[in-house]
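Novice: Take a look at this one; I'll ask things after.
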Amino acid sequence: MKERIMRFRDFDTEWTVLATTAEDPYKRARWTRDQDLVARRIRKWRARHSWYDGRAEMFALSRAYIENDPERDSAWECVDLLGAGAFGMVGKWCKFDANRRVVDTVAIKQFNYETWECDSDGRPGVPAEVALPKALDRQGCGSIAEVRTARFFDVSRPKWRIYLEYYGHGTLGDLVQRYREKSAEDRRSVHIPEDFIWQAFNDFAAAYYHMHSFRLKSLGAKGRDADVANGHFVLHLDLKDTNVLLGDAPGDERFMPYPRLKIADWALGECTSRRDPKNSRKWRNNGTICWMPPEQYDFNRFGQNWERNVLGGTDRVYSAKHNLWQMAANIYGMMELDLDNKKLEQKLREADRDEDHTRKHGYSLLRGYRHRRYSSELCELVEDCLRIRPEDRPDPKILIRRVKKGLEPGLKRYARTGTWERLEATKAEWGTFKPRE
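Numbering follows UniProt numbering, with no gaps: position 264 of the sequence shown is 264.
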């Protein structure tokens, strides 16, 4: 393996990829010499995953390539497959010591190199899935799923492998599903604790701030202006509940021992500005339709038939408040135990059909939102973050201030009593401990 300097898209940056190789990514791992172990794992994967096929098997039985030294790399074994599809494949790899004890775990994602990830000179560039979360981490954002490193396979059909911190507690979507199941089991309405929702909102608010106030120096840019926020921001574009992971509880004892949110899957991510000619022409079709905010919904056509088109034409540009809408949609989904953003998408369609009613209510999608289980402060903040016009949504500093105010009573109560309302769980405390392998 060798080091290689790469750039991110057409930005004047330099990024050192730790290693590139011309080796076959599907080269068999040393542990596959144990045929009984291979047979047991293959049986398990076939039984567990309906999408399991020959391609997934080749991936699972291959070397990890996480260590430069082949001997050290042989300690890593694929113990499960986490997903496969058009995006590529993801597996769980564990590192075993001489006594077969697990000493480390990573999630490895493999996908084909695409030419649209090239730099301005047409050479392979660093993919957004590596560059953007790494850059946000450099800025001090703790709400991002950690990327440990990446490998570029310079073969006939080039591939990337990304090595991600493994979070074994599921996603926000899993949590909502668990509460839906619990409500059905108990034949009563069971709700996610408000304290958890405020603390989750706090994680989102931190991410929103860093994505809004992005510094090109974090991407490897040099020069006098690289370390200041100069109008660039980051868009995730697919911030849905299945892309928000539940990490371990915060190390800061001031916070309640709830799982910390970790935003993952930055494959569609962009670094842009309101002056960028590609914004939003290049990516208005990107993302999951039911999670698109009003300015993007129906491929920028939401509100096009209104007499007063407050969102602009189909060439409208996005701002960092695109992220905020999707974050708030996740909060609303937890409050309503709604999967796949079905309720909000229905409200968007209704608002698009009835301009007069929408205008009468100040372009609010939730129109005086209240919930019998949650405080008016939380409901009002969610309503404001989900407003149709992006300019009506809170700026990062305002959001942080309002979230801190809403979170404060729960933190004070926890500091005073040491108690908190626990989450319904099938995985112990949803992130308050690290399970054994």
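Note that the Cβ used here is the ideal one computed from N, Cα and C, for glycine as well. Note that the coordinates shown come from a computational prediction; the quantities given were computed from them, not determined experimentally.
Can you list the alpha helix (DSSP H) stretches of 4 or more residues lying completely in the stretch 314 to 380, in chain order?
Specialist: Runs found: 321 to 336, 342 to 353, 355 to 360.
Novice: Pairing CB atoms from the stretch 170 to 181 with CB atoms from the stretch 232 to 249, are three or more of them under 8 Å?
Specialist: In short, these stretches touch, since the Cβ pair count reaches three.
Novice: Measure the alpha-carbon distance for Tyr163 versus Asn286 and round it to whole angstroms.
Specialist: Using only the alpha carbons, I get a separation of about 24 Å.
Novice: Kindly indicate which three-state DSSP category Glu14 falls into: helix, strand or coil?
Specialist: DSSP places Glu14 in coil when its eight states are reduced to three.
Novice: Cβ-heavy atom distance between Asp338 and the ligand FAD below 7 Å?
Specialist: This structure lacks the ligand FAD, and indeed carries no ligand of any kind.
Novice: How would you label Phe299, buried or exposed, when you count the other beta carbons within 10 angstroms and need 16 or more for buried?
Specialist: It is exposed - the Cβ of Phe299 has fewer than 16 other Cβ atoms within 10 Å.
Novice: On the DSSP letters alone, give me the boundaries of the beta strand (DSSP E) that Val79 sits inside.
Specialist: Unbroken beta strand (DSSP E) run through Val79: 76 to 85.
Novice: Only counting the same chain, and skipping five residues up and downstream in sequence, which positions put a Cβ closer than 6 Å to that of Val38?
Specialist: Cβ neighbours of Val38 beyond the five flanking positions: Thr32.
Novice: Taking Cβ to Cβ, would you say Leu235 is nearer than 8 Å to Thr272?
Specialist: The answer is yes: Cβ separation under 8 Å.
Novice: Could you tell me how far apart the beta carbons of Val176 and Leu337 are, in whole angstroms, since I believe they sit closer than 8 Å?
Specialist: 6 Å between Cβ atoms; contact.
Novice: With three or more beta-carbon pairs closer than 8 Å as the criterion, would you say the stretch 81 to 94 touches the stretch 47 to 60?
Specialist: As far as the Cβ criterion goes, the stretch 81 to 94 touches the stretch 47 to 60, which means the pair count is three or higher.
Novice: From which residue to which residue does the beta strand (DSSP E) around Gly88 run?
Specialist: Unbroken beta strand (DSSP E) run through Gly88: 88 to 96.
Novice: If we count the other Cβ atoms within 10 Å of its Cβ and call it buried at 16 or more, is Gly406 buried or exposed?
Specialist: Under this definition Gly406 is a buried residue.
Novice: Does the Cβ-Cβ distance between Arg274 and Ser213 come in under 8 Å?
Specialist: Going by C-beta atoms, Arg274 is not nearer than 8 Å to Ser213.
Novice: Classify Val130 as buried or exposed, calling it buried when 16 or more other Cβ atoms lie within 10 Å of its own Cβ.
Specialist: So Val130 ends up on the buried side.
Novice: Report the option in Thr149, Ile108, Arg151, Glu71 whose CA atom is closest to the CA atom of Val79.
Specialist: Checked all of Thr149, Ile108, Arg151, Glu71; the closest Cα to Val79 is Ile108.
Novice: Just how far apart, CA to CA, sit Leu132 and Asp97?
Specialist: Between Leu132 and Asp97, the C-alpha separation is close to 33 Å.
Novice: To which residues of the same chain is Arg301 closer than 7 Å at the C-beta, ignoring the five residues directly before and after it?
Specialist: Counting only Cβ-Cβ distances below 7 Å, and skipping sequence neighbours, we find Thr314.
Novice: Run through the stretch 165 to 239 for me and flag every whole alpha helix (DSSP H) of 4 or more residues, listed as ranges in chain order.
Specialist: DSSP runs (the alpha helix (DSSP H)) wholly in the stretch 165 to 239: 172 to 186, 194 to 212.
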